[in-house]
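> Below: one structure in structure tokens.
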Amino acid sequence: MRKLLIGGNWKMYKGVEETIKFANLFKEKKVSTEGVDVFLAPPFTSLVDAVRIFKGSGISVGAQNLFWEDEGAYTGEVSSVFLKEIGVDWVIIGHSERRTYFGETNAGVKKKVEKALQKQLKVVICVGETEEEREEGKAKEVVDKQIEEGLLGIEYDAENLAVAYEPVWAIGTGKTPHPEDAEEMHSIIREKLGAKGESIRIMYGGSVKTHNIKDFICQENIDGALIGGASLDVDGFSDMINIAKEIKC
Ligand code: 13P
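Printed below as a string of structure tokens:
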């Protein structure tokens, strides 16, 4: 049995003040996360405060990116060493927005994943096809390649790695694949992961909300959700944790 993993990717939302406000409200609600793993990934500037204030709340803290070197003349970058130093547990790597707007490639993703795992950060590697690729019937091929070139060959413990399948056309659009279609992609990804595949959590991401999360996580090969917009609201995010925790499919 794979433990459900619920993650919130705040993208470029919430500075320090709003992060602290969210964390305090979350703690006041006394939401139990027992039985599920939960993390939130705020922007870099909020990480120090997030680690401090979410401590003991059941929510772990993640970063949204890192660079593969430990230190050096890399203006604007943040290393795994710095993230570990402040107590960050998770890191999201290869999100489609990083691939689209910042030119990240599968080869670069692989270097980041390798370094993060080496430094004992838990990794969520993101994969997913664009609308055009799906229409051309290339979704499976694209995701296959992202796993193959971005992950395969790296040594890791299955518990330290999660994959997020995020079809690009479903991100921030309110459009979602049919849960059974997402399930099909997840089972392809699991097969591609090889021997460790059975133990690796594969999250679905793309317009996950309180009203549809259950439909996704009830699928056999969907082991959680990576939530963007809907994770910014403390009530909504708490509701989704509760749904995951109490789920009966
Ligand atoms: P939305 O939930 O806003 O569609 O974003 C999904 C996502 O990109 C999570 O990483």
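Residue numbering for the sequence shown follows this note's numbering, starting at 47 and increasing by one per position.
Glycine included, each C-beta is placed from N, C-alpha and C at the ideal position.
Report all residues for which the CB-ligand distance to some heavy atom of the ligand 13P is below 6 Å; order them along the chain.
Taken from the N-terminal end onward, the list reads 55, 141, 212, 217, 218, 251, 252, 253, 254, 272, 273, 274, 275, 276.
> Below 8 Å, can you find three or more Cβ-Cβ pairs linking the region 59 to 76 to the region 260 to 272?
no
> Is it the case that the Cβ atoms of residue 196 and residue 228 are separated by a distance below 9 Å?
no
> Look at the alpha carbon of residue 81 and the alpha carbon of residue 232, and state the distance between them as a whole number of angstroms.
22 Å
> When the cut-off is 9 Å and only beta carbons count, does residue 230 lie next to chain B?
The chain labelled as chain B is not found in the depicted structure, where only one protein chain is given.
> Between which two residues does the beta strand (DSSP E) carrying residue 202 extend?
Taken as a continuous stretch (DSSP letters only), residue 202 belongs to no beta strand (DSSP E), as it is neither H nor E.
> Residues in the same chain with beta-carbon distance under 8 Å from residue 96, minus the five sequence neighbours each way, listed in chain order, please.
65, 69, 86, 88, 107
> Hey, quick one: how far does the alpha helix (DSSP H) through residue 261 stretch, first residue to last?
259 to 263
> When we look at the beta-carbon of residue 249 and count the other beta-carbons within 10 Å, is it buried (16 or more) or exposed?
By the neighbour-count rule (16 or more Cβ atoms within 10 Å), residue 249 is buried.
> Using the beta-carbon count (16 or more within 10 Å), is residue 116 buried or exposed?
Residue 116 comes out exposed.
> Kindly indicate which three-state DSSP category residue 267 falls into: helix, strand or coil?
coil
> Starting from the C-beta of residue 223, find all residues in its chain whose C-beta is less than 8 Å away, skip the five residues before and the five after it, and write them out in chain order.
213, 216, 231, 252
> Is it right to say residue 71 is buried, meaning 16 or more other beta carbons lie within 10 angstroms of its own, or is it exposed?
So residue 71 counts as exposed.
> Quick check on the DSSP output: what are the complete alpha helix (DSSP H) runs of length 4 or more inside the region 201 to 240, in order along the chain?
225 to 238
> In terms of residue numbering, what span does the alpha helix (DSSP H) encompassing residue 276 cover?
Premise fails: residue 276 is in no alpha helix (DSSP H) and is neither H nor E.
> Look at residue 56 and residue 245 and say whether their C-beta atoms are less than 9 Å apart.
no
> Evaluate residue 162 with the Cβ neighbour count: other Cβ atoms within 10 Å of its Cβ, from every protein chain shown; 16 or more gives buried, anything less gives exposed.
So residue 162 ends up on the buried side.
> Taking the CB atoms as reference points, tell me whether residue 206 and residue 168 lie closer together than 9 Å.
yes
> So, at 7 Å on beta carbons, what are the nonlocal neighbours of residue 221 in its own chain, with the 5 sequence-adjacent residues on each side left out?
215, 253
> Secondary structure at residue 86, three-state DSSP: helix, strand or coil?
Correct three-state label for residue 86: strand.
> Buried or exposed for residue 211, going by 16 or more other Cβ atoms inside 10 Å?
Around the CB of residue 211, 16 or more other CB atoms lie within 10 Å, so the residue is classed as buried.
> May I ask you to report which of helix, strand or coil DSSP gives residue 247?
strand
> If you reduce the DSSP assignment to three classes, tell me which class residue 162 lands in.
helix
> Just grab the DSSP bridge partners of residue 172 for me.
210
> With a CB to CB cut of under 7 Å and the five nearest residues on each side skipped, what residues in its chain are close to residue 159?
139, 169, 171, 196, 197, 200
> Starting from residue 185, trace the alpha helix (DSSP H) in both directions and tell me its first and last residue.
185 to 196
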